[in-house]
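**Student:** Before I ask anything, let me first share the structure, which is written out below as structure tokens.
Residue numbers (my numbering): 58 to 277.
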């Protein structure tokens, strides 16, 4: 864990689903605030450095990697853009364009990548990183330790938020929009099949299962 901490202290897509919520008590459920149900043992792959290990999760509000220190305090990685991939338990995430994408492999190199964003809608206020924005990275409980600073919250102010998920394609470490142009680049031997698919009036799949099933036909 000390090795893990030292590394980090140095250191337009179609929506798949939309969920609106308004809660009292200034609390967002963990299943919406994070990308995983709970913190779990993970491996973080970094540019130009050895992998780091620790108890990790990913915040869907600000797309930051979160980890627990030896005392169980939740911290945010200072330089997330140095992260390439993260494995939490058995689930893989790819960092691309300032966000984390959960990977659903269809082959060794190609699959579906899903990005989840939780956006808080409230009065503009100072966020955990000193930036005034309507999307706050502050944990919606009594306080959050982010970059070594405790952020106090107003527990009486209700929180309204939305959760959106976006289906994309990935090939190795690159993420692309799920559209006709990207599919043709990814599957050049099936350009006619892809063209016929969209000409028939079919749309981009709305579920991960349907998206995986579709591209699997062009991998054969």
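Glycine is no exception: its CB is placed at the ideal position from the N, C-alpha and C atoms.
Which runs of the beta strand (DSSP E) spanning at least 3 residues fall entirely within the stretch 227-261, listed in chain order?
**Tutor:** As far as the stretch 227-261 is concerned, its whole beta strand (DSSP E) runs of at least 3 residues are 231-234.
**Student:** Does the count of Cβ pairs from the stretch 163-182 and the stretch 121-128 closer than 8 Å reach three?
**Tutor:** Output reads no: the stretch 121-128 does not touch the stretch 163-182.
**Student:** Would you mind sorting residue 267 into buried or exposed? The rule is 16 or more other CB atoms within 10 Å of its CB.
**Tutor:** Counting Cβ neighbours within 10 Å, residue 267 comes out exposed, since fewer than 16 surround it.
**Student:** Let me check understanding here. Comparing Cα to Cα, which of 97, 275, 235 lies closest to residue 262?
**Tutor:** The shortest Cα separation from residue 262 among 97, 275, 235 belongs to 235.
**Student:** What's the call for residue 277, buried or exposed, on a 16-neighbour Cβ count within 10 Å?
**Tutor:** Classification for residue 277: exposed.
**Student:** For residue 170, count neighbouring Cβ atoms within 10 angstroms of its own Cβ and tell me buried if that reaches 16, exposed if not.
**Tutor:** Result: buried.
**Student:** Should residue 155 go down as buried or exposed, given a rule of 16 or more other Cβ atoms within 10 Å for buried?
**Tutor:** That one is exposed.
**Student:** Whose CA, out of 141, 84, 118, lies closest to the CA of residue 100?
**Tutor:** Checking every option, the nearest Cα to that of residue 100 belongs to 141.
**Student:** Is it buried or exposed, residue 150, if we count other Cβ atoms within 10 angstroms and call 16 or more buried?
**Tutor:** When all chains shown are included, residue 150 counts as buried.
**Student:** Looking at the unbroken beta strand (DSSP E) that takes in residue 153, where does it start and where does it end?
**Tutor:** Unbroken beta strand (DSSP E) run through residue 153: 148-153.
**Student:** If you run the structure through DSSP and keep just helix, strand and coil, what is residue 135?
**Tutor:** Residue 135 falls in the coil class under three-state DSSP.
**Student:** What is the residue span of the beta strand (DSSP E) that residue 143 lies within?
**Tutor:** Run containing residue 143: 140-145, per the beta strand (DSSP E) assignment.
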